[in-house]
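Undergrad: Quick one: the structure is below, and I'll ask about it shortly.
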Amino acid sequence: MTDLRSLADRLEIEALRGEFTDAGMMRDYDRFASLFTDDGVWKIPGAGVEFRGRAEIRAGIERLQGGWDYFVQTVHPGWIGIEGDTAAGRANVAEFGRLRDGGSHANHAVYHDRYRRTPDGWRFAQRDYEVRYLDTTPLTGSAP
1 MTDLRSLADR LEIEALRGEF TDAGMMRDYD RFASLFTDDG VWKIPGAGVE FRGRAEIRAG
61 IERLQGGWDY FVQTVHPGWI GIEGDTAAGR ANVAEFGRLR DGGSHANHAV YHDRYRRTPD
121 GWRFAQRDYE VRYLDTTPLT GSAP
């Protein structure tokens, strides 16, 4: 990782992962979907969720976010391996929130990612979410 191209690629991929979290939390569904390649895939196997293509991803995130009273996600750097115009990586995630049905949810998870360089920059080719810890104890806080 000594060349400038490799450093720039890593920075762009980290920015992509951060923008994913920001777009989700801000409920900016068009921007969220634009972070995937046209044929991108977003999976949450533990919830039986799989969306293919930007249109499905956009509709899916809007439907999923509609179930939350409030939702907070933070992403933490993980591993990135770049090979030309493709890359793979992992991002560590912490989430919590309250569902509109009153249920609470807190977890720590890992995103297993595949990225592809496009004319618009790096995009997710596939993003698979693996929950490593789940707590459904009622949250005592509230959204302001």
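The sequence shown runs 1 to 144 under the UniProt record's numbering. C-beta atoms are modelled at their ideal positions from N, C-alpha and C, and glycine is treated no differently.
1) Can the beta-carbon of residue 66 be found less than 8 Å from the beta-carbon of residue 49?
2) From residue 126 to residue 113, what distance separates their C-alpha atoms?
3) Using the DSSP secondary-structure output, state which residues sit across from residue 91 in a beta bridge.
4) For residue 15, count the other beta carbons within 10 Å of its own beta carbon; 16 or more makes it buried, fewer makes it exposed. Which is it?
5) Do you know whose CA, among 31, 11, 10, lies nearest residue 20's CA?
6) Determine the extent of the alpha helix (DSSP H) in which residue 38 is found, giving its start and end residues.
7) Give the straight-line distance between the Cα atoms of residue 133 and residue 111, rounded to the nearest whole angstrom.
8) Quick check: the Cα distance between residue 96 and residue 82, rounded to an integer number of angstroms?
9) Across which residues does DSSP place residue 142 in a beta bridge pair?
10) Using the C-alpha atoms, what's the distance from residue 138 back to residue 8?
11) Could you say which of 143, 128, 136, 135 lies nearest to residue 40 if we only look at CA atoms?
12) Please classify residue 79 as buried or exposed, where buried requires at least 16 neighbouring CB atoms within 10 angstroms.
13) Check each candidate in 22, 104, 84, 87 and name the one with the smallest Cα separation from residue 70.
14) DSSP three-state call for residue 100: helix, strand or coil?
15) Leaving out the 5 sequence neighbours to the left and right, which residues in its chain are closer than 6 Å to residue 74 when beta-carbon positions are compared?
TA: Put simply:
1) The residue given as residue 66 occupies position 66 in the sequence shown. The residue given as residue 49 occupies position 49 in the sequence shown. No, they are not a contact pair.
2) By one-based count along the sequence shown, residue 126 stands at place 126. By one-based count along the sequence shown, residue 113 stands at place 113. About 6 Å.
3) Against the sequence shown, residue 91 aligns to sequence position 91. For residue 91, which the question treats as bridged, DSSP gives the partners 111.
4) Here residue 15 refers to the residue found at position 15 of the sequence shown. Exposed, because fewer than 16 other Cβ atoms sit within 10 Å of the Cβ of residue 15.
5) Taking the sequence shown and counting its residues from 1, one reaches residue 20 at position 20. Closest in alpha carbon position to residue 20, among 31, 11, 10, is 31.
6) As a working mapping, residue 38 is identified with position 38 in the sequence shown. Segment 36-44 is the beta strand (DSSP E) holding residue 38; no alpha helix (DSSP H) there.
7) Numbered from 1 along the sequence shown, position 133 holds the residue referred to as residue 133. Numbered from 1 along the sequence shown, position 111 holds the residue referred to as residue 111. Using only the alpha carbons, I get a separation of about 13 Å.
8) Reading the sequence shown from its first residue, position 96 is the one you call residue 96. Reading the sequence shown from its first residue, position 82 is the one you call residue 82. Going by the C-alpha atoms only, they are around 31 Å apart.
9) Sequence index remark: in the sequence shown, residue 142 carries index 142 (1-based). Answer is none; residue 142 lacks a bridge partner.
10) The residue labelled residue 8 in the question sits at position 8 within the sequence shown. The residue labelled residue 138 in the question sits at position 138 within the sequence shown. Approximately 42 Å, taken between the alpha carbons.
11) Residue numbering aside, residue 40 sits at position 40 when the sequence shown is read from its first letter. It is 128.
12) Counted from its first residue, the sequence shown places residue 79 at position 79. Exposed, since its Cβ has fewer than 16 Cβ neighbours within 10 Å.
13) Residue numbering aside, residue 70 sits at position 70 when the sequence shown is read from its first letter. Checking every option, the nearest Cα to that of residue 70 belongs to 104.
14) Along the sequence shown, read from residue 1 onward, the residue named residue 100 stands at position 100. Three-state DSSP puts residue 100 in coil, outside helix and strand.
15) The residue you call residue 74 lines up with position 74 of the sequence shown. Taken in chain order, the residues that qualify are 94.
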